[in-house]
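Notes to accompany the following structure.
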Amino acid sequence: MNKQEALQKIEELKQFIAKEDKSEERQFGKLICRPIEQMGVSFDEIVVPEGWRVPTVQEGIELINDEDFVEWSKFSDQKHDFYVQQPFNRYKNRAAWFGCNGSYFFLGAYDYLGSASATRGVLFVKEGEK
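Going letter by letter, the sequence shown gives residues 44 to 173 in the working numbering.
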């Protein structure tokens, strides 16, 4: 294989990897979501990829009400709680998240930013085309 062929193969591999990474993302309504990740980190340890953000409470509610999202994200299996932006001004020093316990969903907003849970991860979202 000559240098030109090797460079071509490298470019093809880069495109394949980029395509694979993107295939993990999925759009629900107006939001593009990445799979829940960074499991077991505290809110103050979250590393936010460029162009992404943690969803608001309203966005979280809309996602949880979307059966396709719940199935895709595995949220309902009680192992994939996810952080949301803190909706209460009085508690900005606390983390907020949506959780699942048995047959119901809930909003938790009382752990300190440094607290972590093995079942809680980060759902990143960004605006989509819709």
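All C-beta atoms in this analysis are idealised placements derived from N, C-alpha and C, irrespective of residue type, glycine included. Computed from a predicted model, the values in this text were never measured in an experiment.
DSSP beta-bridge partners of residue i
i: G164; result: F125
i: I89; result: Answer is none; I89 lacks a bridge partner.
i: I33; result: Outside the displayed span of the chain (44 to 173) sits residue 33, for which this structure offers no information.
Residue i Cβ short of 7 Å to the ligand COA heavy atom set
i: V165; result: Among the components modelled here there is no ligand, and therefore nothing to report on the ligand COA.
Residue burial classification, residue i (beta-carbon count within 10 angstroms, cutoff 16)
i: L11; result: In the structure as shown, the chain starts at 44 and stops at 173, and residue 11 therefore has no counterpart that could be examined.
i: D64; result: Model confidence at D64 stands at a pLDDT of 49, short of 50, so the residue's coordinates are unreliable; what they give is reported in the following sentence. Looking at its Cβ environment, which holds fewer than 16 other Cβ atoms inside 10 Å, D64 is exposed.
i: L50; result: exposed
i: V91; result: exposed
i: E48; result: exposed
i: Y134; result: exposed
Which listed residue (the options) has its alpha carbon closest to that of residue i
i: G151; options: E114, D124 and V91; result: D124
i: S160; options: Q81, L106 and D109; result: Q81
i: E170; options: K46, E54 and G94; result: G94
i: L143; options: E172, G103, F167 and C76; result: Residue identity differs from the one stated: residue 143 is Cys in this sequence, not Leu. Here the closest residue by C-alpha is G103.
Runs of beta strand (DSSP E) wholly within the segment 103 to 159 (minimum 3 residues, chain order) | 124 to 127, 137 to 144 and 147 to 155
Any contact of the segment 65 to 78 with the segment 144 to 160, i.e. 3+ C-beta pairs under 8 Å?
-> no
Is there contact between the segment 125 to 136 and the segment 96 to 105, where contact requires at least three CB pairs shorter than 8 Å?
-> yes
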